[in-house]
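Residue numbers (the working numbering): 25 to 364. C-beta: ideal position from N, C-alpha, C; glycine also. See structure below.
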Ligand SMILES: Cc1cc2nc3c(=O)[nH]c(=O)nc-3n(C[C@H](O)[C@H](O)[C@H](O)COP(=O)(O)O)c2cc1C
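As structure tokens, then:
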């Protein structure tokens, strides 16, 4: 069974890609295990903008001082050292991974301002990475900043990177754009090769006994894949970029749904943190079995088959599905009386 695919112009033996995640990709023996388990490619954990300009950023201030300005909160951010790898170590990690592994290695830069991206993209290219993922992880809170200004800032970064390197570029985005379809169209015109949908925001929680605010990384479940599923199905065929799905991919069934929606690759993190890297083998076997049982001979037969490419008005379709799903809901408790 041929499960090969292409992503960002790279031929991959499998659509199963390991997504950016320090605990999975910082360690070389994990990378080897990921390759042995059949992954098509690996996205390394991010190099954060704050690591590149440590001295200029106020991160330390917010890590250590922020709490005192709020009467009742003791901590707003984690107390443990945030970065245990330097930018230099990150570049070395790429070099070593490229020497020791055969599958493509995708580096990740994570930030929000225009400074320095192009320089580090060049260094990442020199270190031998096969592609670069740009992660715009930002929660805008400035009331004077418009959505257009934020989008332009991201486009400026993309322009500066795409003009500086020959590497294929993917952008990892949040779903929170007023018109996501318009913005990703602009990103595509700026020269990106792929979209990674979507970033998950890690909302902090409040401990009401200790009055502490603490970061709470909740691992995903398969329910979470509905968001990338829906958007990849909407965007597939509308812009000339590849699609990587991230968020909620745990089983072969999840992978199949996303491929049908139009994904070129599916990235896994939570599932591997929960079950270990060898879980990739299970998903790989189940994917091959399903394709065989359903008489597919390659992934290309499946790709995009359930997208909205033939839907004349996806927005109207979405609204109709929304109304239909609300109206089809039936309460479990029989004591609730439904209107006739
Ligand atoms: C512990 C942890 C570390 C992560 N580190 C990064 C990172 O360095 N860069 C990044 O772009 N995403 C990072 N992510 C997000 C994942 O790449 C992924 O997009 C997200 O977890 C959703 O996929 P999942 O449902 O398979 O977990 C991290 C996620 C987790 C749980």
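Start and end residues, alpha helix (DSSP H) containing residue i
i	result
residue 49	46-49
residue 252	250-259
residue 276	276-285
residue 346	338-352
residue 121	111-124
residue 55	52-60
Environment of residue i [buried if 16+ CB atoms lie within 10 Å]
i	result
residue 292	buried
residue 187	exposed
residue 153	buried
residue 27	buried
residue 45	buried
residue 271	buried
residue 313	exposed
residue 307	buried
residue 241	exposed
residue 348	exposed
residue 69	buried
residue 49	buried
residue 289	buried
residue 33	exposed
residue 52	exposed
residue 190	exposed
residue 350	exposed
residue 264	exposed
residue 224	buried
residue 243	exposed
residue 278	buried
residue 266	buried
residue 22	In this structure the chain extends from 25 to 364, so residue 22 is not present and cannot be described.
residue 96	Confidence is the limiting factor: at residue 96 the pLDDT is only 39, short of 50, which leaves the residue's position unreliable, though a coordinate-based value still follows. Exposed: under 16 other Cβ atoms inside 10 Å.
residue 163	exposed
residue 294	buried
Cα-Cα separation between residue i and residue j, rounded to whole angstroms
i	j	result
residue 94	residue 235	Low local confidence applies: a pLDDT of 39 at residue 94 is under 50, so the model's placement there is unreliable, and no value is given.
residue 356	residue 302	38 Å
residue 134	residue 257	26 Å
residue 262	residue 212	10 Å
residue 142	residue 185	5 Å
residue 323	residue 113	37 Å
residue 57	residue 166	44 Å
residue 116	residue 47	17 Å
residue 198	residue 204	9 Å
residue 334	residue 255	15 Å
residue 29	residue 233	51 Å
residue 345	residue 170	31 Å
residue 121	residue 228	33 Å
residue 339	residue 332	10 Å
residue 82	residue 74	For residue 82, the pLDDT reaches just 49, beneath the cut-off of 50, and the residue's location in the model is therefore unreliable, although a value from the coordinates is still provided. Using only the alpha carbons, I get a separation of about 9 Å.
residue 37	residue 315	15 Å
residue 317	residue 311	10 Å
residue 76	residue 201	27 Å
residue 296	residue 59	13 Å
residue 231	residue 250	30 Å
residue 269	residue 155	16 Å
residue 172	residue 252	23 Å
residue 321	residue 25	6 Å
residue 158	residue 341	31 Å
residue 326	residue 238	42 Å
residue 319	residue 144	46 Å
Where residue i falls: helix, strand or coil (DSSP)
i	result
residue 72	strand
residue 165	coil
residue 200	coil
residue 306	helix
residue 267	strand
residue 155	strand
residue 226	coil
residue 234	coil
residue 138	coil
residue 214	coil
residue 30	strand
residue 182	helix
residue 63	coil
residue 174	helix
residue 193	strand
residue 148	helix
residue 220	strand
residue 322	strand
residue 133	strand
residue 36	strand
The beta strand (DSSP E) enclosing residue i, as first and last residue numbers
i	result
residue 40	40-42
residue 291	289-292
Closer than 7 Å: residue i CB and nearest ligand 3 heavy atom
i	result
residue 47	By its list of ligands, the structure shown excludes ligand 3, since it contains just ligand 1.
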